[in-house]
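One structure below.
Numbering (our numbering), first residue to last: 469 to 678.
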């Protein structure tokens, strides 16, 4: 939705050296503005080769991402933010947990998320990108628990394409889409006779809010 491509940066090990290497790769894109703009909101920092699917759940991954952020504060410009994966949200959560020793609260998340956004937006300006899409990415990647009402509707609208796609491609995509829809909405899947009915009602709510 926010990106037309994806770039996966695999962490080969949990080390400062690897984190610094990835930071250097990303910061080096300032020399290639067009390529950098093309990669806005497209990058996954993956720990799957190390057996970690969500960095917020692993102390080593959290420390790695904190190091990466410290070495390249504009990291948020590049992080993938499409629903229902919300990689940007996971990274903000992971960094907040690293800074607080693993017990991050909503305010901790908001501070980290806002810092990533501010530095990302500033980086965008240096490469000729003043598009407001980045703001939308960061709004959509807020934790539902800290979203104001208007942001919640924007997040529902962003999630809708993935929810409808899940009608054709169920399993993992459906589970993730439903989980996020329930967190944003005031309805649950169990209230409906089928997933199709749930998705249709969700779409009506989005259309009404629009």
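All residues carry an ideal CB built from backbone N, CA and C; glycine is no exception.
> Tell me which same chain residues have a C-beta within less than 6 Å of the C-beta of residue 580, skipping the five on either side of it?
Replying inline: Taking the chain shown and counting its residues from 1, one reaches residue 580 at position 112. The residues are 560, 563, 564.
> Could you give the distance in angstroms between the alpha-carbon of residue 644 and the alpha-carbon of residue 499?
Replying inline: By 1-based counting over the chain shown, the position of residue 644 is 176. By 1-based counting over the chain shown, the position of residue 499 is 31. Distance between the alpha carbons of residue 644 and residue 499: 37 Å.
>> Determine whether the beta carbon atoms of residue 613 and residue 574 lie at a separation below 8 Å.
In response: Mapped onto the chain shown, residue 613 falls at position 145. Mapped onto the chain shown, residue 574 falls at position 106. In this structure, the beta-carbon distance from residue 613 to residue 574 falls below 8 Å.
> Apart from the five residues on each side of it in sequence, which residues of its chain come closer than 6 Å, Cβ to Cβ, to residue 660?
Replying inline: Along the chain shown, one-based indexing puts residue 660 at 192. Here the set comprises 666.
> Buried or exposed: which applies to residue 646, given that a residue is buried once 16 or more other Cβ atoms fall within 10 Å of its Cβ?
Replying inline: Residue numbering aside, residue 646 sits at position 178 when the chain shown is read from its first letter. Counting Cβ neighbours within 10 Å, residue 646 comes out buried, since at least 16 surround it.
> So which of 517, 621, 525 has the shortest CA-CA distance to residue 673?
Replying inline: For the purposes of this step, residue 673 is taken as residue 205 along the chain shown, with counting starting at 1. The option with the nearest alpha carbon to residue 673 is 621.
>> What does the Cβ neighbour count give for residue 637, buried or exposed, with the cut at 16 atoms within 10 Å?
In response: As a working mapping, residue 637 is identified with position 169 in the chain shown. Around the beta carbon of residue 637, a 10 Å sphere encloses fewer than 16 other beta carbons of the protein chains shown; the residue is thus reported as exposed.
> Where does residue 474 sit, in a helix, a strand or coil, going by DSSP?
Replying inline: Looking up residue 474 in the chain shown gives position 6. Correct three-state label for residue 474: coil.
> Just the Cα atoms here: how many angstroms apart are residue 535 and residue 662?
Replying inline: As a first step, residue 535 must be located in the chain shown, where it is residue number 67. As a first step, residue 662 must be located in the chain shown, where it is residue number 194. Distance from the CA atom of residue 535 to the CA atom of residue 662, rounded to whole angstroms, is 45 Å.
> Taking one C-beta from the region 541 to 553 and one from the region 521 to 531 each time, how about it: are there three or more such pairs within less than 8 Å?
Replying inline: At 8 Å Cβ cutoff, the stretches do not touch.
> What are the complete alpha helix (DSSP H) segments, minimum 4 residues, inside the region 593 to 626?
Replying inline: 601 to 608, all fully within the region 593 to 626.
> Any idea which residues DSSP pairs residue 512 with across the strands?
Replying inline: Here residue 512 corresponds to residue number 44 of the chain shown, with the count starting at 1. For residue 512, which the question treats as bridged, DSSP gives the partners 476.
> In its own chain, which residues sit with a C-beta less than 6 Å from the C-beta of residue 514, not counting the 5 before and 5 after it?
Replying inline: Taking the first residue of the chain shown as position 1, residue 514 is located at position 46. These residues qualify, in order along the chain: 476, 478.
>> Which of the three DSSP states is assigned to residue 452 in this structure?
In response: Here the chain covers residues 469 to 678 and nothing more, so residue 452 does not appear.
> In this structure, what does DSSP give as the bridge partners for residue 547?
Replying inline: The sequence position of residue 547 within the chain shown is 79, counting from 1. Residue 547 pairs with 511.
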